[in-house]
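So the protein sequences, as listed, match chains A and B.
For my numbering, add 753 to where a residue sits in the first sequence, where the first one is 1.
For my numbering, add 1096 to where a residue sits in the second sequence, where the first one is 1.
Using N, Cα and C, we set each Cβ at its ideal position, and we do this for glycine too.
All remarks here apply to the structure that follows.
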Amino acid sequence: MKAADAIVECLKKEEVTTVFGYPGAAIMPLYEALRKSPIRHVLVRQEQAAAHSASGYARTSGKVGVCIATSGPGATNLITGIATAYMDSIPLVAFTGQVKSTLIGRDVFQEVDITGATEPFIKHSYLVKDAKDLPRIIKEAFHIAKTGRPGPVLIDIPVDMQNENIEFSYDEEVNIRGYKPTYIGHIGQIKRALRRFKDSKKPIICIGGGIVSAKAEKELLAFAEKSKIPVVCTLMGLGGMDHNSPYYIGMIGSHGDKVANKAVSEADVAVFMGARIADRATGGSKLFAKNADIIHIDVDPAEIGKNLGTSIPVVGDVKNILEQFLEMAQPLNTDEWVKYLTDLKQSDIKNRKPSSNVNPKYAIQLLSEVLDQNAILVADVGQNQMWSARNFKIFDERKFFTSGGLGTMGYSLPAAIGAAIAAPNRQVVATMGDGGFQMSFFELATLKQNKVKLIILLFNNEGLGMVREMQYKNYKAEYGVNLSGNPDFIKLADAYGIKGRRVLQDDELKEVFDEAIHSDETFLIECIVDPKESTL
Amino acid sequence: MKRYVLSVLVENHSGVLSRVSGLFSRRGYNIDSLSVGETEDPNVSRMTIVVRGDEYILEQIKKQLNKLIDVIKVIELKPEQSVYRELVLIKVGVATHQRPEVIEIVNIFRGRIVDVASESLMIEITGDEAKVSALISMLEPYGIKEMIRTGLTALERGNKEIKQHNKYEEE
């Protein structure tokens, strides 16, 4: 069969039901094959959104996200989306068209070396040299994307190869000799870790995105509660631990909860699970967890020892390791420590500051009360991200995600679209600022075309809030962060046929949230926020 | 800062060299030399990389290399347990009356003369770094016109093969 049709057959074998993309000359044969297939193609309005939507889709469905672009500028537009997925370890397979194989290297129309360009921030990439290899390549690409530490994989396919005739056969097994991730923790290391716990008076567990991607939330909760060890999380780990558990303390980091940071600094044993603990989590301090023996559990051995001096490394899948821990776990003598932390957590709760505009922190807290127990909140980047992360209550099946590692503005709208397509029966809310919205608002057309229902919560403080705050802190003046010239966002939404309302005061919020939740269609809520509103 | 020699087995795919050297440059690791060639298996190439750094950097380099899908195995070749060799071609400026003494030096080092010209000789030598450096310093007074060193290549002594090493050291 034609290679392009074989590609579609491979996608079907990989149980791909939805792809996000934007066509062009170099990827046309694949698009013709897609036209004849049952796979749903979501046409975005810029390729970066295709990658972000595939990312939101992957994070919500647990499947590999697929995005497709043409050669040249189509491929380069994917780059930010791929780097975003790489930094957050999201399983993605990106298909890009490439110019005719005999013309590669001659700077022809819409030619770029995309495999070279993405090399620094991709898990693996393929430039197809022989169309016969396509089924094997696709099988390997999906395997690499979703196993071990997940990540993006790119397949660059010259247009002439898409048209070649090949034999189609899909291997059941993958065998890549250079790629054999370790899933089962070394029993000796696990026993060492548990022994270290036994004598500890102030243990702390810190979870990252790895708990979420390993789907190990239940095992973590069981282990924390059985051993009576309090839990903190990084931005990427939010949602990995049920907020209603008495053992959940809070989020660490430069924008985290004071009690959570205190817990880590006073702990005598700190276990990091599925977290890479980069500078935002440590607050850039060399004194991070200074009093603790560090146990680091991760499926990627390169992360262990990279940022933190680790006493006990355990390489493996965190879900497996937690199951092994559970078998041998004993309740520890931590009642005093847990009480100390939960008392501190209570005293940290601040009263709502009166504001002449909308208080965004209160808005998110109120949202937490009115949304379903399986709602999904996708945050953009900046102040809106931290207001969302710090104030959204995550319990039961609720989900929260954002662009944590790369901090890509414009992520939340397309990612929320991907999430809503993956979970059409769940409430999906996208929060963003006026800056982030303008980086991807064109996806409102994609949303409309695909009849996606979102609640868009836009915090308008007429500027880049977080940068502005940092400028005032460091230089006592702002520069280049004022977004005057903003359009009337409600009118803009209306131009796309999307309903919306502007909110000026906190007391309007409940009614507007109700209207948005009960609407059958997407609803944009624009909250006017004081430019001086602080992040923390 | 210490010097370490790494032997890396890689899939013989195009772009592998670029991936490995890209990894080093993007993470700021210092490479002294890199040599690569085929092995007994034509699908597999072997790279010998000499890096400079401390224990932490060495650990990170090994782990980051292992993350590359095309990398099959990474081992460290410690000096006491391995044979290190380098090949050098040296073009020395030699007047006719000086030729006998230069030939004598080359013979002492068991090197070979591979080219003769009216005012120069080309010398080939293989050996470990110490031997090669010693010959070069003996030839310097005559005037070295051109020189090329392949960079270190090495194999582990004894019966063990690289394939038999565990991918990750025991933690």
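Quick check on this structure: which residue in the options has the alpha carbon closest to the alpha carbon of residue i?
| i | options | result |
| --- | --- | --- |
| lysine 1106 of chain A | A:Gln801, A:Gln1258 and A:Lys899 | A:Gln1258 |
| glutamine 915 of chain A | A:Ser922, A:Lys882, A:Ile943 and A:Ala898 | A:Lys882 |
| methionine 702 of chain A | A:Ala884, A:Tyr1225 and A:Lys944 | For chain A, the structure presents residues 754 to 1289; residue 702 of chain A sits outside this window and is missing. |
| tyrosine 1232 of chain A | A:Arg1221, A:Phe1242 and A:Asp1241 | A:Arg1221 |
| glutamate 1056 of chain A | B:Leu1161, B:Arg1142 and B:Val1212 | B:Leu1161 |
| isoleucine 1104 of chain A | A:Ala1132, A:Asn1127 and A:Asn1144 | The identity of residue 1104 of chain A in the sequence shown is asparagine, whereas the question assumes isoleucine. Comparing Cα-Cα distances from asparagine 1104 of chain A to each of A:Ala1132, A:Asn1127 and A:Asn1144, the minimum goes to A:Asn1144. |
| aspartate 866 of chain A | A:Ala898, A:Asp841, A:Asn830 and A:Lys899 | A:Asn830 |
| lysine 1072 of chain A | A:Leu1159, A:Ala1128, A:Ile964 and A:Pro782 | A:Ile964 |
| glycine 1189 of chain A | A:Ala1198, A:Ile1209 and A:Ala1176 | A:Ile1209 |
| arginine 1115 of chain B | B:Glu1134, B:Met1143 and B:Glu1136 | B:Met1143 |
| lysine 789 of chain A | A:Thr1063, A:Ile1243 and A:Ile760 | A:Ile760 |
| leucine 856 of chain A | A:Ile897, A:Ala1132, A:Ala811 and A:Asp913 | A:Asp913 |
| glutamine 1177 of chain B | B:Glu1155, B:Met1097 and B:Ala1250 | B:Ala1250 |
Report the rounded CA-to-CA distance for residue i versus residue j, giving the unit in angstroms.
| i | j | result |
| --- | --- | --- |
| lysine 1098 of chain A | tyrosine 1001 of chain A | 10 Å |
| glutamate 925 of chain A | glutamate 1274 of chain A | 42 Å |
| proline 999 of chain A | alanine 1045 of chain A | 22 Å |
| tyrosine 1093 of chain A | lysine 1059 of chain A | 31 Å |
| glutamate 1266 of chain B | proline 1054 of chain A | Per-residue confidence for glutamate 1266 of chain B stands at a pLDDT of 40, beneath the threshold of 50, marking its modelled position as unreliable; the derived number appears in the next sentence. Distance between the alpha carbons of glutamate 1266 of chain B and proline 1054 of chain A: 12 Å. |
| leucine 1079 of chain A | aspartate 1070 of chain A | 14 Å |
| aspartate 1313 of chain A | phenylalanine 1041 of chain A | Lying outside 754 to 1289, the shown extent of chain A, residue 1313 of chain A is not represented and no answer is given. |
| glutamate 1215 of chain A | asparagine 1235 of chain A | 6 Å |
| threonine 1222 of chain B | valine 1228 of chain B | 7 Å |
| isoleucine 1005 of chain A | serine 953 of chain A | 21 Å |
| cysteine 1280 of chain A | threonine 837 of chain A | 27 Å |
| isoleucine 818 of chain A | histidine 794 of chain A | Residue 818 of chain A is actually glycine in this sequence, not isoleucine. Distance between the alpha carbons of glycine 818 of chain A and histidine 794 of chain A: 12 Å. |
| glycine 774 of chain A | glutamine 1118 of chain A | 35 Å |
| isoleucine 958 of chain A | serine 1103 of chain B | 38 Å |
| leucine 1113 of chain B | aspartate 1010 of chain A | 45 Å |
| valine 1147 of chain B | proline 776 of chain A | 45 Å |
| glycine 904 of chain A | phenylalanine 848 of chain A | 14 Å |
| tyrosine 1258 of chain B | histidine 939 of chain A | With the sequence shown as reference, residue 1258 of chain B is identified as isoleucine, and tyrosine is not the correct amino acid for it. Looking at the two C-alpha atoms, the distance is approximately 23 Å. |
| arginine 1179 of chain A | glycine 990 of chain A | 21 Å |
| glutamate 893 of chain A | glycine 1003 of chain A | 39 Å |
| asparagine 1108 of chain B | histidine 877 of chain A | 15 Å |
| lysine 885 of chain A | serine 1129 of chain B | 37 Å |
| glycine 1218 of chain A | phenylalanine 1025 of chain A | 31 Å |
Tell me which residue opens and which closes the alpha helix (DSSP H) that residue i is part of.
| i | result |
| --- | --- |
| aspartate 913 of chain A | 912-916 |
| histidine 1049 of chain A | Looking at the DSSP string, histidine 1049 of chain A is not in any alpha helix (DSSP H); the run it does join, the beta strand (DSSP E), is 1046-1051. |
| methionine 1004 of chain A | Note, methionine 1004 of chain A: premise wrong, no alpha helix (DSSP H); beta strand (DSSP E) at 1001-1004. |
| asparagine 1137 of chain A | 1136-1144 |
| serine 806 of chain A | 800-814 |
| phenylalanine 1041 of chain A | First-last for phenylalanine 1041 of chain A: undefined, no H or E at that position. |
| leucine 783 of chain A | 781-788 |
Give the range of the beta strand (DSSP E) segment to which residue i is assigned.
| i | result |
| --- | --- |
| arginine 1206 of chain B | It is not in any beta strand (DSSP E) - arginine 1206 of chain B carries neither H nor E in the DSSP assignment. |
| valine 965 of chain A | First-last for valine 965 of chain A: 962-966, but that is the alpha helix (DSSP H), not the beta strand (DSSP E). |
| valine 819 of chain A | 818-822 |
| serine 1141 of chain B | 1140-1149 |
| threonine 829 of chain A | Premise fails: threonine 829 of chain A lies in the alpha helix (DSSP H), 826-840, not in any beta strand (DSSP E). |
| histidine 877 of chain A | 877-880 |
| leucine 1097 of chain A | Here leucine 1097 of chain A belongs to no beta strand (DSSP E); instead the alpha helix (DSSP H) covers 1088-1101. |
| alanine 1132 of chain A | 1129-1132 |
Drop a sphere of 10 angstroms on the beta-carbon of residue i, count the other beta-carbons inside from all chains shown, and report buried for 16 or more, exposed for fewer.
| i | result |
| --- | --- |
| arginine 1208 of chain B | exposed |
| aspartate 758 of chain A | buried |
| aspartate 860 of chain A | exposed |
| aspartate 995 of chain A | buried |
| lysine 1152 of chain A | buried |
| proline 879 of chain A | The sequence shown places tyrosine at residue 879 of chain A, not proline. That one is buried. |
| serine 1038 of chain A | exposed |
| glutamine 1260 of chain B | exposed |
| aspartate 1088 of chain A | exposed |
| asparagine 1255 of chain B | exposed |
| histidine 1271 of chain A | exposed |
| threonine 1199 of chain A | buried |
Original post:
Going along the segment 929-957 of chain A in order, which residues come within less than 8 Å of chain B, judged by CB to CB distance?
Top reply: Ile929, Arg930, Gly931, Tyr932, Lys933, Thr935, His939 and Gln942
Subject >> Interface positions of the segment 1024-1055 of chain A facing chain B (Cβ-Cβ less than 9 Å), listed along the chain >> reply: Asp1053, Pro1054 and Ala1055
Original post:
For the segment 854-880 of chain A, which residues have a beta carbon sitting closer than 8 Å to at least one beta carbon of chain B?
Top reply: Thr868, Gly869, Glu872, Pro873, Lys876, His877 and Leu880
Original post:
For the segment 1113-1134 of chain B, which residues have a CB atom closer than 9 Å to at least one CB atom of chain A, in sequence order?
Top reply: Ser1114, Arg1115, Gly1118, Leu1119 and Arg1122
Original post:
If you measure beta-carbon to beta-carbon, which residues of the segment 1147-1166 of chain B are closer than 8 Å to chain A?
Top reply: Tyr1152, Glu1155, Gln1156, Lys1159, Gln1160, Asn1162, Lys1163, Leu1164, Ile1165 and Asp1166
Subject >> Residues of the segment 1166-1188 of chain B with Cβ closer than 9 Å to any Cβ of chain A, in chain order >> reply: Asp1166, Val1167, Ile1168 and Lys1169
**OP:** Mind checking the segment 1052-1076 of chain A against chain B and listing, in chain order, the residues whose C-beta falls within less than 9 Å of any C-beta there?
**Re:** Asp1053, Pro1054, Ala1055, Glu1056, Ile1057, Gly1058, Lys1059, Ile1065, Pro1066, Val1067 and Val1068
Original post:
Using a Cβ cut-off of 8 Å, which residues of the segment 880-912 of chain A contact any Cβ in chain B, in chain order?
Top reply: Leu880, Lys882 and Ile897
Original post:
Quick one, which residues of the segment 1218-1242 of chain B are near chain A if we go by CB-CB under 7 Å, in chain order?
Top reply: none
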